[in-house]
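Using UniProt numbering, the letters of the sequence shown map in sequence onto residues 1 to 881.
Virtual Cβ for every residue (Gly too), placed ideally from N, Cα, C.
Just so it is clear, the structure is predicted and the values come from calculations on it, not from any experiment.
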Amino acid sequence: MNSPSKRRKKNDGSSQPVRKLDYFFAKQTAKAAAKDSPGNADGGKSELGIDGKVELTDEEYARKLQEEWNKEDQQPSPDREPVSSNELYEDPKDTNTDGAVATNAREVTAADQSVTEESSGAPVPKQKNTLSLQSTASEEDTITTNIPFDQSPLEFDPSKYTPELQKHWATDGGHATYALLTRCFVLVNSTTSRIKIVDTLVNLLRTIIEGDPSSLLPAVWLATNAISPPYIDLELGLGGSAISKALKKVCGLDNAGLKTLHNKYGDAGDVAFEAKKKQSFTLRKPKPLTIKSVFDSLVKIANSKGHGSVETKQRIVERLVQDARGAEESRYIVRTLVQHLRIGAVKTTMLIALSRAFMLSRPPNADFDIRDQKALAKLKKEELVEIYSKNEEIVKACFARRPNYNDLIPALLEIGVCDELLLRCGLALHIPLRPMLGSITRDMGEMFTKLQGRDFACEYKYDGQRAQVHCDAKGKVTIFSRHLEVMTDKYPDLVALVPKIRGEGVSSFILEGEVVAIDRESGELKTFQTLANRARKDVLIGAVTIDVCLFAFDLMYLNGEELLDRPFRERRSLLKSLFVEIPHNFTWVKCLDATSADVEPVQTFFQSALDIKCEGIMVKVLDNLPNPDLLVDTDEHPDKPPSLPPTPKKKKLTTKTKSKTKLSSTADPDPDEPKTTGRRKALLSTYEPDKRLDSWLKVKKDYSTTSETLDLIPIAAFHGSGRKAAWWSPILLAIRNAHTGQLEAVTKCMSGFTDAFYKANRAKYDKDDPDNTNVLSGKPHYVEYNGGAGTPDVWFEPQEVWEVAFADLTLSPTYTAAIGLVSDERGLSTRFPRFLKVREDKSIEEATEAEELATLYRKQESKAPRKDEGMGAEAVEEDGE
1 MNSPSKRRKK
11 NDGSSQPVRK
21 LDYFFAKQTA
31 KAAAKDSPGN
41 ADGGKSELGI
51 DGKVELTDEE
61 YARKLQEEWN
71 KEDQQPSPDR
81 EPVSSNELYE
91 DPKDTNTDGA
101 VATNAREVTA
111 ADQSVTEESS
121 GAPVPKQKNT
131 LSLQSTASEE
141 DTITTNIPFD
151 QSPLEFDPSK
161 YTPELQKHWA
171 TDGGHATYAL
181 LTRCFVLVNS
191 TTSRIKIVDT
201 LVNLLRTIIE
211 GDPSSLLPAV
221 WLATNAISPP
231 YIDLELGLGG
241 SAISKALKKV
251 CGLDNAGLKT
261 LHNKYGDAGD
271 VAFEAKKKQS
281 FTLRKPKPLT
291 IKSVFDSLVK
301 IANSKGHGSV
311 ETKQRIVERL
321 VQDARGAEES
331 RYIVRTLVQH
341 LRIGAVKTTM
351 LIALSRAFML
361 SRPPNADFDI
371 RDQKALAKLK
381 KEELVEIYSK
391 NEEIVKACFA
401 RRPNYNDLIP
411 ALLEIGVCDE
421 LLLRCGLALH
431 IPLRPMLGSI
441 TRDMGEMFTK
451 LQGRDFACEY
461 KYDGQRAQVH
471 CDAKGKVTIF
481 SRHLEVMTDK
491 YPDLVALVPK
501 IRGEGVSSFI
511 LEGEVVAIDR
521 ESGELKTFQT
531 LANRARKDVL
541 IGAVTIDVCL
551 FAFDLMYLNG
561 EELLDRPFRE
571 RRSLLKSLFV
581 EIPHNFTWVK
591 CLDATSADVE
601 PVQTFFQSAL
611 DIKCEGIMVK
621 VLDNLPNPDL
631 LVDTDEHPDK
641 PPSLPPTPKK
651 KKLTTKTKSK
661 TKLSSTADPD
671 PDEPKTTGRR
681 KALLSTYEPD
691 KRLDSWLKVK
701 KDYSTTSETL
711 DLIPIAAFHG
721 SGRKAAWWSP
731 ILLAIRNAHT
741 GQLEAVTKCM
751 SGFTDAFYKA
761 NRAKYDKDDP
771 DNTNVLSGKP
781 HYVEYNGGAG
791 TPDVWFEPQE
801 VWEVAFADLT
811 LSPTYTAAIG
821 LVSDERGLST
831 RFPRFLKVRE
841 DKSIEEATEA
851 EELATLYRKQ
861 ESKAPRKDEG
871 MGAEAVEEDG
881 E
């Protein structure tokens with residue numbers, strides 16, 4: 001049936017009405033009606049209504065027309081008049097330059113003239129000037145669908161597939177198609193096995209390395225869901241409306257249809273998948289997407305600025321969605337556009353995959369050595385792990401020093417994985433290195449246990465913002481955050497100050513410190529909340545109202561030389577001797593040198609840190625070797641690394657909750673003790689980028705008491721009851737799984753919130769506001785929650801980190817957090833969670849990880865085994881209100 005007649009806006013914003021298909025094919029319809037009417041018993045009214053309007057469905061009508069055109073082509077009639085393009089398209093000025101697909105057979109615009117004429121680059125022959133329906137299913141890339149990327153890399157041979165692939169790619173400019181990447185994404189998304197995920201990525205990378213090396217860099221960026229490193233300001237800046245408009249236009253959806261799909265599936269990629277499946281025919285043959293073309297399109301979107309940028313971005317988005325062949329390509333194109341790919345190819349996984357791929361494959365024009373697959377397959381598992389580990393460490397170290405695939409990938413393609421790679425990707429001024437991280441200690445006693453026999457420095461842990469400061473010989477200054485984001489514009493006062501702190505003989509350097517809000521007159525330190533009130537961009541020195549002081553604590557680069565391999569004692573000595581203190585502007589962190597025997601001085605120092613509003617202290621090993629004098633007391637030999645301190649015992653698990661953690665054999669004296677080599681790796685005092693080691697320990701106020709805190713991500717909420725009926729309470733919180741990229745539900749929290757916070761939170765996550773981008777239409781695919789604690793009434797866009805205190809951790813049948821790390825069948829949850837504050841200094845990538853949660857649980861069980869181990873979170877949360 002025809003819809004009610006109304007004027008509708010065209011897709012290009014024109015005020016001209018959209019002409020229906022009847023208009024363009026009026027002559028053929030009239031001839032067909034005249035030709036058929038004498039022989040029809042009902043006077044032709046079975047196909048045409050009394051008013052002459054077609055009463056077939058869109059698809060039936062289109063099929064009928066196609067069948068008539070095919071017959072006319074096969075049996076040309078003597079009296080048939082060729083239809084010119086001018087007769088088909090009477091309004092040649094009404095064109096749609098973005099090339100959208102016309103999927104509704106009754107709403108073909110003049111844009112389709114470009115399909116028949118312009119897309120081929122030549123005039124269309126008169127006998128072939130009719131529009132032809134294209135099956136979207138037949139256009140899918142079937143060549144890549146049978147490639148077994150999930151095989152073991154020691155069995156997979158890219159050379160079996162690259163000749164056929166290259167032949168196929170030749171029709172598309174010679175570059176690897178996006179279908180290859182999609183095939184990998186589908187396989188990765190279908191498994192939770194880390195081994196399978198790594199193997200699949202390795203085989204994908206090897207195929208690209210051997211078949212189309214120029215597509216490797218964009219493939220890595222797309223697989224890691226990014227287009228640039230954090231320190232380069234290149235953001236897509238796309239809103240949900242851009243994706244919605246593209247899906248409606250390309251797939252023929254209306255608002256109601258799109259909303260229905262959103263409500264059912266929630267994830268934008270899944271909506272695109274379903275919409276593409278429903279689109280059975282199109283009037284334009286999709287142009288196959290390549291990996292390079294998709295990446296280039298994303299870069300164009302990010303670089304579109306100023307007047308007309310919205311329209312430009314919209315056209316690019318529509319073209320990408322339009323050219324996606326098949327439902328799976330559509331799913332991952334859209335997920336890439338909304339930056340929620342979530343296939344588990346996080347940074348560490350990708351670096352491991354790259355290291356293994358270049359061990360087995362090389363580009364056609366390269367001559368670096370690679371390993372023989374058959375020889376590797378014959379090695380024992382331990383030998384293979386050792387070979388893999390060596391390559392992985394090199395690649396990880398390179399990326400930690402220079403975290404940019406634009407630098408790493410070209411070097412790998414040229415020389416492979418070797419020691420020279422570390423020189424190619426070493427430290428460089430104005431390119432941030434990933435910071436070294438400190439391990440968390442539960443209390444002061446644990447810290448002394450870990451550092452027995454060692455000399456160490458205790459430093460105030462100021463309540464500020466960690467900063468990495470670069471300064472070159474010309475005095476150019478760049479300041480980076482701990483997330484590697486550029487903060488230079490935020491601190492113009494520091495930019496002016498930094499060149500002045502260089503002492504005699506210092507030209508260029510990279511140092512690390514804490515930026516703290518301060519009272520310039522008295523020197524009194526202020527809180528991080530005060531610092532957070534500073535503007536973030538385009539700050540003028542004259543407009544600065546919150547003064548800051550830079551407290552330096554490490555030096556990683558000096559006068560063109562890396563200092564990462566120098567002991568901390570030496571790096572600190574250079575920092576203090578070669579730089580000039582400017583009171584209340586630049587100084588060094590307050591510190592105390594101590595040993596594992598200095599318990600009382602360290603405790604006094606810790607308390608003094610808390611007294612001046614510091615978070616606690618950092619404890620850092622000063623030298624690579626233990627102190628021989630201290631080792632006498634610990635029965636250690638001076639020339640050997642210290643033995644492993646007593647490790648907390650793990651509670652035995654029942655057969656129903658077997659731990660995946662490797663336990664020692666029953667032949668060991670204590671079956672609950674983990675296996676060790678008898679000697680731990682010595683704690684080094686070198687600077688290890690992007691590593692969290694026990695050579696740096698955090699002792700914070702929160703950790704020094706019996707109450708632990710977690711950094712959790714709010715992901716959903718339930719309607720409150722009673723006086724909280726108008727607010728969200730409780731709120732579902734999650735941890736982050738660093739290996740899979742998933743967010744795993746851990747607890748519901750309803751304590752610690754003020755009424756003002758409840759109101760603000762309800763406004764921020766208002767699901768009744770259709771324009772609120774903080775709310776999702778359903779559970780996203782990257783959240784793991786089995787619904788055992790009820791179905792949330794609203795799902796949040798993950799974007800905040802909340803600090804939450806709790807009584808202790810418990811195994812839970814309801815939550816999936818850290819499942820498999822402590823128990824195969826149960827995850828971990830918290831008892832009596834209590835909200836403390838929003839961690840504005842942390843991104844969701846820095847939230848508590850599954851491994852950290854499992855470690856805390858093991859420590860808890862070793863110190864105070866619980867009788868109610870199996871208590872579920874539901875019973876615990878009854879008292880939470």
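Put D51 into one of helix, strand or coil per three-state DSSP.
Taking the first residue of the sequence shown as 1, we reach residue 51 at position 51. Unreliable placement is indicated for D51, whose pLDDT of 49 sits below 50; the coordinate value is still reported in the next sentence. Coil.
Alpha-carbon to alpha-carbon, L809 and S829:
Here residue 829 refers to the residue found at position 829 of the sequence shown. Here residue 809 refers to the residue found at position 809 of the sequence shown. The straight-line gap from Cα to Cα measures roughly 6 Å.
Identify every run of the alpha helix (DSSP H) within the region 372 to 456, keeping only runs that are complete inside it and at least 4 residues long; order them along the chain.
373 to 377, 381 to 401, 405 to 415, 420 to 424 and 444 to 450
Three-state secondary structure (DSSP) at V746?
Against the sequence shown, residue 746 aligns to sequence position 746. DSSP places V746 in strand when its eight states are reduced to three.
Please say whether R534 and I546 have beta carbons closer to each other than 8 Å?
Start at 1 with the first residue of the sequence shown, and residue 546 comes out as number 546. Start at 1 with the first residue of the sequence shown, and residue 534 comes out as number 534. Closer than 8 Å, so yes.
With which residues is residue 885 paired in a DSSP beta bridge?
No statement about residue 885 is possible, as the shown extent of the chain runs from 1 to 881 and does not include it.
Within this structure, are the beta carbons of K759 and W802 separated by less than 8 Å?
Position 759 of the sequence shown, counting from 1, holds the residue named residue 759. Position 802 of the sequence shown, counting from 1, holds the residue named residue 802. The answer is no: Cβ separation not under 8 Å.
If you pair each beta-carbon of the region 592 to 600 with each one of the region 711 to 724, do three or more pairs fall below 8 Å?
no
Evaluate E861 with the Cβ neighbour count: other Cβ atoms within 10 Å of its Cβ, from every protein chain shown; 16 or more gives buried, anything less gives exposed.
The count along the sequence shown starts at 1 and reaches residue 861 at position 861. With 16 or more Cβ atoms within 10 Å of its Cβ, E861 is classed as buried.
Quick one: grab the DSSP three-state call for E784.
Numbered from 1 along the sequence shown, position 784 holds the residue referred to as residue 784. Strand, per DSSP.
What does the alpha-carbon distance come out to for the pair S215 and T224?
In the sequence shown, residue 215 corresponds to position 215, counting from 1. In the sequence shown, residue 224 corresponds to position 224, counting from 1. Near 14 Å, if we compare the C-alpha coordinates of T224 and S215.
In the DSSP output, which residue or residues are listed as bridge partners for R466?
Numbered from its first residue, the sequence shown carries residue 466 at position 466. Paired residues: E514.
Just to confirm, is the Cβ distance from C425 to L413 under 8 Å?
In the sequence shown, counting from the first residue as 1, residue 425 sits at position 425. In the sequence shown, counting from the first residue as 1, residue 413 sits at position 413. Taking 8 Å as the Cβ cut-off, C425 and L413 do not qualify as a contacting pair.
Output the distance between the C-alpha atoms of G820 and E615, rounded to the nearest integer angstrom.
Residue 820 sits at position 820 when you count from the first residue of the sequence shown. Residue 615 sits at position 615 when you count from the first residue of the sequence shown. Each residue's alpha carbon lies about 33 Å from the other.
Ignoring anything shorter than 4 residues or poking outside the region 569 to 597, list the alpha helix (DSSP H) runs there in chain order.
none
Expressed to the nearest angstrom, what Euclidean distance is found between the alpha-carbon atoms of T182 and S152?
Position 182 of the sequence shown holds residue 182. Position 152 of the sequence shown holds residue 152. Approximately 19 Å between the Cα atoms of the pair.
Below 8 Å CB to CB, which residues in the same chain sit around T162 once its five sequence neighbours on both sides are set aside?
In the sequence shown, the residue the question calls residue 162 occupies position 162. Around T162: T207, E210 and G211.
Is V822 helix, strand or coil when you go by DSSP?
To locate residue 822, count along the sequence shown from 1; it is residue 822. V822: coil per DSSP, three-state reduction.
Contact check, V539 vs K490 under 8 Å by CB: the rounded distance?
The residue you call residue 539 lines up with position 539 of the sequence shown. The residue you call residue 490 lines up with position 490 of the sequence shown. 6 Å between Cβ atoms; contact.
Spatial neighbours of M696 within its chain, please: C-beta separation below 6 Å, excluding the five flanking residues on both sides.
For this step, residue 696 is matched to residue 696 along the sequence shown. Residue identity differs from the one stated: residue 696 is Trp in this sequence, not Met. So the list reads G438 and K620, once near-sequence residues are dropped.
Same chain, Cβ closer than 6 Å to I352, five either side skipped, listed in chain order
As a first step, residue 352 is located in the sequence shown; it is residue number 352 there, counting from the start. Correct list, in chain order: V198 and E392.
Which class does E861 belong to by DSSP, given the choice of helix, strand or coil?
In the sequence shown, residue 861 corresponds to position 861, counting from 1. It is helical.
Inter-residue spacing [alpha-carbon to alpha-carbon] between P645 and A682:
Along the sequence shown, one-based indexing puts residue 645 at 645. Along the sequence shown, one-based indexing puts residue 682 at 682. Since pLDDT at P645 reaches only 38, below the 50 mark, its modelled position is unreliable, and the value read off the structure follows with that caveat. So the two alpha carbons sit approximately 12 Å from each other.
N- and C-terminal bounds of the beta strand (DSSP E) containing P714:
Here the question's residue 714 lines up with position 714 in the sequence shown. Start and end: E708 to H719.
According to DSSP, is T527 part of a helix, a strand, or is it coil?
For the purposes of this step, residue 527 is taken as the residue at position 527 of the sequence shown. T527 falls in the coil class under three-state DSSP.
Please state the DSSP three-state secondary structure of S135.
Taking the first residue of the sequence shown as 1, we reach residue 135 at position 135. Unreliable positioning characterises S135 in this predicted model, as indicated by a pLDDT of 48, which lies under 50. A coordinate reading is not provided.
Under 8 Å between the Cβ atoms of L201 and T349?
Counting from 1 along the sequence shown, the entry for residue 201 is found at position 201. Counting from 1 along the sequence shown, the entry for residue 349 is found at position 349. Yes, the pair counts as a contact, with Cβ atoms nearer than the cut-off.
Quick check on DSSP: helix, strand or coil for A219?
Reading the sequence shown from its first residue, position 219 is the one you call residue 219. Residue state, collapsed to three classes: helix.
Locate the beta strand (DSSP E) running through R831, then write down its first and last residues.
Residue numbering aside, residue 831 sits at position 831 when the sequence shown is read from its first letter. That run of the beta strand (DSSP E) goes G827 to R831.
Just mark H262 as buried or exposed, buried being the case when its beta carbon has 16 or more other beta carbons within 10 Å.
Here residue 262 is taken as the residue at index 262 of the sequence shown, counted from 1. The residue is buried, with at least 16 neighbouring Cβ atoms inside 10 Å.
DSSP three-state label for I479, please.
Mapped onto the sequence shown, residue 479 falls at position 479. Reduced to three states, the DSSP call for I479 is strand.
Over what stretch of residues does the alpha helix (DSSP H) that includes D270 continue unbroken?
As a first step, residue 270 is located in the sequence shown; it is residue number 270 there, counting from the start. Taken as a continuous stretch (DSSP letters only), the alpha helix (DSSP H) holding D270 covers A268 to K278.
Per DSSP, which one or two residues make a beta bridge with L693?
The residue given as residue 693 occupies position 693 in the sequence shown. Its beta-bridge partners are G438.
K249: CB within 7 Å of a non-hydrogen atom of the ligand ADP:
In terms of ligand content, the structure shown is empty, and the ligand ADP therefore cannot be addressed.
Cα-Cα, which of G174, N203 and C184 is closest to K160?
As a first step, residue 160 must be located in the sequence shown, where it is residue number 160. Minimum Cα distance to K160 is reached at N203.
Could you check whether the region 142 to 156 touches the region 287 to 302, counting it as contact only if at least three pairs of C-beta atoms, one from each stretch, sit closer than 8 Å?
no
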